[in-house]
Amino acid sequence: MNYTTSIKLPLSFEEAVPLVKEAFKAQGFGALTEIDVQATLAEKIDAEMEAYLIIGACNPRLAHRALDAEREIGALLPCNVVVRASGAGVIVDALDPSIMSTLTGNAALGPIAEEASRLIGAALNQLAAEHPGA
Numbered sequence: 002m003n004y005t006t007s008i009k010l011p012l013s014f015e016e017a018v019p020l021v022k023e024a025f026k027a028q029g030f031g032a033l034t035e036i037d038v039q040a041t042l043a044e045k046i047d048a049e050m051e052a053y054l055i056i057g058a059c060n061p062r063l064a065h066r067a068l069d070a071e072r073e074i075g076a077l078l079p080c081n082v083v084v085r086a087s088g089a090g091v092i093v094d095a096l097d098p099s100i101m102s103t104l105t106g107n108a109a110l111g112p113i114a115e116e117a118s119r120l121i122g123a124a125l126n127q128l129a130a131e132h133p134g135a
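Encoded structure:
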């Protein structure tokens with residue numbers, strides 16, 4: 002089962018993070034949380050890994066609709082977006098919102114997940130179009 006949509010960008014990690022946030026913001030998503038996995042693992046267990054940031058992205062309008070359809074859906078919110086270093090560029094992974102309706106079996110979440118998928122796709126497509134060559 003594929004649960005993410007991913008793109009590769011020919012950018013440094015430092016260049017990519019603000020551009021990813023801006024592309025998602027243009028589609029109505031805000032960054033509620035950020036987890037610097039690289040720093041956390043280094044601090045907590047002295048483990049090394051590539052630059053890896055989890056952005057907890059939320060579109061309040063869609064989140065409200067999803068919570069109205071099923072209160073427990075909050076456990077699957079926000080939509081996580083990962084920016085991770087990979088070779089000479091970065092990979093951006095976004096959780097496929099259809100997981101919400103598939104996992105819960107709640108048909109009312111289907112249209113919400115479809116709209117979220119469209120908006121996430123638009124953000125990723127914008128990034129790929131503005132930074133081709135990966």
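Heads up: the sequence shown begins at 2 in the numbering used here, then just goes up one per residue. By construction, the Cβ of each residue, glycine as well, lies at the ideal position given by its N, Cα and C atoms.
Just the C-alpha distance for residue i and residue j, rounded to the nearest angstrom, thanks.
i: Ala-123; j: Asn-60; result: 14 Å
i: Thr-6; j: Asp-47; result: 30 Å
i: Gln-28; j: Arg-119; result: 9 Å
i: Ala-67; j: Ala-58; result: 15 Å
i: Glu-23; j: Ala-95; result: 15 Å
i: Ser-87; j: Leu-33; result: 25 Å
i: Lys-26; j: Gly-90; result: 22 Å
i: His-132; j: Ala-17; result: 10 Å
Can you tell which of the options has the C-alpha that lies nearest to the C-alpha of residue i?
i: Leu-78; options: Ile-100, Gln-39, Leu-12; result: Ile-100
i: Ala-76; options: Val-91, Ala-86, Ala-52, Leu-104; result: Leu-104
i: Phe-14; options: Gly-31, Gly-106, Tyr-53; result: Tyr-53
i: Asn-3; options: Lys-45, Gly-111, Pro-98, Glu-16; result: Pro-98
i: Gly-106; options: Gly-134, Ile-74, Pro-133; result: Ile-74
i: Ala-40; options: Arg-85, Phe-30, Glu-131; result: Arg-85
Could you name the residues of the same chain whose beta carbon sits closer than 7 Å to that of residue i, not counting the 5 residues immediately before and after it, in chain order?
i: Leu-128; result: Ile-8, Leu-10, Leu-20, Val-21, Ala-24, Val-93
i: Leu-42; result: Ala-48, Met-50
Got a sec? Which residues, its chain only, sit under 6 Å from residue i by beta carbon, not counting five neighbours each side?
i: Glu-49; result: none
i: Ile-36; result: Ile-55
i: Ala-64; result: Leu-78
i: Val-83; result: Ile-55, Asp-94
Could you have a look at residue i and say whether DSSP puts it in helix, strand or coil?
i: Leu-33; result: strand
Give the C-beta separation of residue i and residue j to the nearest angstrom, bearing in mind that I take them to be a contact with Cβ-Cβ under 8 Å.
i: Ile-121; j: Cys-80; result: 7 Å
Excluding the 5 residues preceding and the 5 following residue i in the sequence, name in chain order all residues of the same chain whose CB lies nearer than 8 Å to its CB.
i: Gly-134; result: Pro-11
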